[in-house]
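A.B. asks: Got a structure here, written out as structure tokens. Questions coming.
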Amino acid sequence: MQLRYRADGSFKIIQFTDTHIGNMPFHDDDHRTFKLIEDALNYFDADLIIHTGDIIWSEGVKDVYQVYQQTLKVFDQAKIPMAVTFGNHDSEEVITRSDLRSIFDREVEKKADKKHSFIEDDRECYCLEILAADSDQVENVLYVLDSGAASPLPIGIYDWNQPQQVEWFNRTANLYRKGDRVKRNLVFQHIPVPEYWQAAQHILEGVNHETNEAISAPYLNTGLFANMYLDGEVWGMFVGHDHDNNFEGLHHDLHLVYGNVSGYQTYGDEERGVRIIELNQEFQTIKTYPVKVHEFTS
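If you're matching positions, the sequence shown starts at 1 in full-length UniProt numbering and goes up one per residue.
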């Protein structure tokens, strides 16, 4: 489905992250998560759903294919265009990234229209275009990257953006660059880039309450942030992964943002909820804020 600004020049994205749906029959906490999803999608008049990974648990889950299918059906009931990327817990045992993509393509009726899909080592990068309200001009580009899972080398815990993914970002950004230095485009993935450590020192709003590691980023830096900065037209990045982090930070004038953990069947003391991202075509502004479940639940 094409994404387009409304006639009033508005476009609203709702970000879910770390829903962590587990075994069937579903636990009470999973049913609470399903209700949060349904309540949020009923409450917010969103134009796009983006899930930034750890949609499900996969390790030790015997019916993982069915769990993922049933989870997607909860989202698809709202009939809002949807896009996803995957986290470190989505494909740990039997199910693969390609399995997850195939199930998504089959089960979700309202899929956002992917552009420039690139798959390397079963990890997909792609773009979403947001068109002007009254023309087919591309106003904003959303870059969606699969940031991987566990570190493939004995350095750190989590994976890093592959150099080929950074090259893909550069190639693709070149196609969309307008040359006006207006920060209009967004990047979405699951695992934060290392520069979130610096952004945590310049928090505009929110909390950095993660106690295991303050920022669970990879220990290798392959340069995605640097290339976002050099592009000149990226406003910022949205991730998940750290359930007790929920902030918008600033580093070299790029916004590095955490989604609000959405799932109950996982660790974390932060109140569950979603993050809203509001774009305005006329004023070329971007605004984001978390919304806690008590603010929209019925």
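We put the CB at the ideal spot given by N, CA and C, even for glycine.
Since this is a predicted model, take the numbers as computed values, not measurements.
Taking one C-beta from the stretch 249-263 and one from the stretch 272-279 each time, how about it: are there three or more such pairs within less than 8 Å?
C.D. replies: yes
A.B. asks: Let me know the secondary structure DSSP gives T172 once reduced to three states.
C.D. replies: In the sequence shown, residue 172 corresponds to position 172, counting from 1. Reduced to three states, the DSSP call for T172 is helix.
A.B. asks: Going by the CB atoms, is the gap between F16 and I37 shorter than 8 Å?
C.D. replies: The count along the sequence shown starts at 1 and reaches residue 37 at position 37. The count along the sequence shown starts at 1 and reaches residue 16 at position 16. Taking 8 Å as the Cβ cut-off, I37 and F16 qualify as a contacting pair.
A.B. asks: Just to check my reading of the structure: Q189 and V239 have Cβ atoms closer than 8 Å, yes? What is that Cβ distance to the nearest angstrom?
C.D. replies: The residue labelled residue 189 in the question sits at position 189 within the sequence shown. The residue labelled residue 239 in the question sits at position 239 within the sequence shown. Yes, Q189 and V239 are in contact; Cβ-Cβ is about 6 Å, under 8 Å.
A.B. asks: Could you give the DSSP three-state label for I55: helix, strand or coil?
C.D. replies: For this step, residue 55 is matched to residue 55 along the sequence shown. It is coil, neither helix nor strand.
A.B. asks: Whose C-beta lies closer than 8 Å to the C-beta of R97 among residues of the same chain, with five residues either side of it excluded?
C.D. replies: Taking the sequence shown and counting its residues from 1, one reaches residue 97 at position 97. Non-local C-beta neighbours of R97 in its own chain, meaning closer than 8 Å and more than five positions away in sequence, comprise F86, D90, S91, D122, R123, E124 and D146, ordered along the chain.
A.B. asks: Which one or two residues does DSSP pair with E124 in a beta bridge?
C.D. replies: Stepping through the sequence shown from its first residue, residue 124 is reached at position 124. According to DSSP, E124 bridges with I119.
A.B. asks: Tell me which residues share the same chain as Q284 and place their Cβ nearer than 7 Å to its Cβ, disregarding the 5 neighbours each side in the sequence.
C.D. replies: Within the sequence shown, residue 284 is the residue found at index 284, counting from 1. Within the same chain, Q284 has close Cβ partners V182 and R184.
A.B. asks: Touch check for the stretch 262-271 and the stretch 17-26: three-plus C-beta pairs under 8 Å?
C.D. replies: yes
A.B. asks: Pair every Cβ in the stretch 206-215 with every Cβ in the stretch 174-181, then say whether three or more of these pairs are closer than 8 Å.
C.D. replies: no
A.B. asks: Taking C-alpha atoms, which residue in I130, N227 and Q201 lies nearest to W168?
C.D. replies: Sequence index remark: in the sequence shown, residue 168 carries index 168 (1-based). Comparing Cα-Cα distances from W168 to each of I130, N227 and Q201, the minimum goes to N227.
A.B. asks: How long is the line joining the alpha carbons of V138 and G249, rounded to whole angstroms?
C.D. replies: The residue you call residue 138 lines up with position 138 of the sequence shown. The residue you call residue 249 lines up with position 249 of the sequence shown. G249 has its alpha-carbon roughly 27 Å from the corresponding atom of V138.
A.B. asks: If contact is defined by three or more beta carbon pairs under 8 Å, each pair taking one atom from either stretch, is the stretch 147-160 in contact with the stretch 19-33?
C.D. replies: no
A.B. asks: Can we count N260 as close to the ligand FMN, meaning its CB is less than 7 Å from some heavy atom?
C.D. replies: In the structure shown, the ligand FMN is absent, as is every other ligand, since no ligand is present at all.
A.B. asks: From Q164, H202 and I157, pick the residue whose C-alpha is nearest to that of I191; which is it?
C.D. replies: Start at 1 with the first residue of the sequence shown, and residue 191 comes out as number 191. Looking at the Cα atoms, I157 is the closest of the given residues.
A.B. asks: Taking DSSP's pairing of strands, which residues face W237 in a bridge?
C.D. replies: One-based indexing of the sequence shown puts residue 237 at position 237. Before going further, note that residue 237 is Met rather than Trp in the sequence given. Answer by DSSP bridge pairing, in chain order: V187 and L256.
A.B. asks: Assuming T288 is part of the beta strand (DSSP E), what are its boundary residues?
C.D. replies: On the sequence shown, position 288 is the one that residue 288 refers to. Unbroken beta strand (DSSP E) run through T288: T285 to K292.
A.B. asks: Given this structure, state the Cα-to-Cα distance separating H243 from R6, to the nearest angstrom.
C.D. replies: Numbered from its first residue, the sequence shown carries residue 243 at position 243. Numbered from its first residue, the sequence shown carries residue 6 at position 6. About 32 Å.
A.B. asks: Cα separation between D39 and I50?
C.D. replies: Stepping through the sequence shown from its first residue, residue 39 is reached at position 39. Stepping through the sequence shown from its first residue, residue 50 is reached at position 50. For D39 and I50, the distance between alpha carbons rounds to 16 Å.
A.B. asks: So, with DSSP's three-state summary, where would you put Y143?
C.D. replies: What you label residue 143 is simply residue 143 of the sequence shown in a count that begins at 1. Strand.
A.B. asks: Rounding to the nearest angstrom, what Cα-Cα distance links K287 and Q198 in this structure?
C.D. replies: Translated into positions along the sequence shown, residue 287 becomes position 287. Translated into positions along the sequence shown, residue 198 becomes position 198. Whole-angstrom Cα-Cα distance: 21 Å.
A.B. asks: For D28, count neighbouring Cβ atoms within 10 angstroms of its own Cβ and tell me buried if that reaches 16, exposed if not.
C.D. replies: As a position in the sequence shown, residue 28 is number 28, starting the count at 1. Exposed is the call here.
A.B. asks: Only counting the same chain, and skipping five residues up and downstream in sequence, which positions put a Cβ closer than 7 Å to that of L100?
C.D. replies: Numbered from 1 along the sequence shown, position 100 holds the residue referred to as residue 100. Closer than 7 Å at the Cβ level, and outside the excluded window around L100, lie Y68, F86, D90 and S91.
A.B. asks: In three-state DSSP terms, what is E270?
C.D. replies: Start at 1 with the first residue of the sequence shown, and residue 270 comes out as number 270. It is coil, neither helix nor strand.
A.B. asks: Would you mind reading off the limits of the beta strand (DSSP E) that contains M82?
C.D. replies: The sequence position of residue 82 within the sequence shown is 82, counting from 1. Run containing M82: M82 to V84, per the beta strand (DSSP E) assignment.
A.B. asks: Could you name the residues that DSSP lists as bridge partners for R32?
C.D. replies: Locating residue 32 in the sequence shown gives position 32, counting from the first residue. Bridge partners of R32: none, in fact.
A.B. asks: Could you spell out the range, first to last residue, of the alpha helix (DSSP H) harbouring E107?
C.D. replies: Here residue 107 corresponds to residue number 107 of the sequence shown, with the count starting at 1. First-last of the alpha helix (DSSP H) with E107: R97 to E107.
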